[in-house]
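See below for the structure under consideration.
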Amino acid sequence: MTKQKYKYAITILVIIVLGLLSRRTTVLPAATGDALYAAMMYFIVRFFMVRHKIKKIAIISLVICFMIECSQLYQVAWINNIRTTLPGRLILGQGFLWSDLLAYVSGVVIASLTDIVLKRNK
């Protein structure tokens with residue numbers, strides 16, 4: 001694993017921990033977890049596509065997040081059964097909210113800007 005990929009992997013793990021902690025407190029708004037989810041998605045995509053432009057990574061990340069959110073409109077027994085499990089709830093979510101889309105945009109923008117700043121300070 002390259003040094004750059006190693007940094008992205010550590011970033012992903014830190015974001016996962018922060019995201020899980022954000023769900024355990026009432027101090028932070030629920031959108032914080034959604035923004036962290038999108039930031040995590042950005043860095044996961046970045047991990048696999050290190051050499052691609054930040055804009056492309058941001059777009060792919062947003063598309064994935066939006067697709068997962070829109071999949072929550074699909075309500076049938078088999079997928080709802082998956083959503084009742086902790087991993088299913090964390091990965092697939094539970095119900096569609098327009099506000100989640102805004103949180104995803106915020107998370108990807110913050111992750112992209114962080115990526116830009118870190119690349120400049122190499």
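The numbering of the sequence shown is full-length UniProt numbering, which starts it at 1 and goes up by one.
All residues carry an ideal CB built from backbone N, CA and C; glycine is no exception.
Can you tell me where the alpha helix (DSSP H) with M40 in it begins and where it stops?
-> Reading the sequence shown from its first residue, position 40 is the one you call residue 40. Unbroken alpha helix (DSSP H) run through M40: A30 to F48.
Determine the DSSP secondary structure at L97, reduced to helix, strand or coil.
-> For this step, residue 97 is matched to residue 97 along the sequence shown. DSSP places L97 in coil when its eight states are reduced to three.
What distance in whole Å lies between the Cβ atoms of F43 and I15, which are believed to be in contact at a cut-off of 8 Å?
-> Locating residue 15 in the sequence shown gives position 15, where the first residue counts as 1. Locating residue 43 in the sequence shown gives position 43, where the first residue counts as 1. Contact flag correct, Cβ pair sits at about 7 Å.
With DSSP run on the structure shown, which of helix, strand or coil describes L62?
-> In the sequence shown, counting from the first residue as 1, residue 62 sits at position 62. Reduced to three states, the DSSP call for L62 is helix.
For C65 and M49, the rounded distance between their alpha carbons | Residue mapping note: residue 49 aligns to position 49 of the sequence shown, counting from 1. Residue mapping note: residue 65 aligns to position 65 of the sequence shown, counting from 1. Using only the alpha carbons, I get a separation of about 17 Å.
Which of the three DSSP states, helix, strand or coil, is assigned to L73?
-> Residue numbering aside, residue 73 sits at position 73 when the sequence shown is read from its first letter. Reduced to three states, the DSSP call for L73 is coil.
Report all residues from its chain with a CB closer than 6 Å to the CB of I11; omit the five preceding and five following residues, and keep chain order.
-> As a working note, residue 11 is residue 11 in the sequence shown. It should be noted that the sequence gives Thr, not Ile, for residue 11. The answer, listed in chain order, is F43.
Could you check what DSSP says for T84 in three-state terms: helix, strand or coil?
-> Reading the sequence shown from its first residue, position 84 is the one you call residue 84. Looking at T84 - three-state DSSP - the assignment turns out to be coil, as it is neither helix nor strand.
Rounded separation between residue 193 and R23 - CA only = Nothing about residue 193 can be reported from this structure: the residues present for the chain run from 1 to 122 only.
Within this structure, are the beta carbons of A39 and I110 separated by less than 8 Å?
-> Locating residue 39 in the sequence shown gives position 39, where the first residue counts as 1. Locating residue 110 in the sequence shown gives position 110, where the first residue counts as 1. For A39 and I110, yes; Cβs fall inside 8 Å.
Among S99, V17 and F47, which one has its Cα closest to the Cα of Y6?
-> Sequence index remark: in the sequence shown, residue 6 carries index 6 (1-based). Comparing Cα positions, the closest option is F47.
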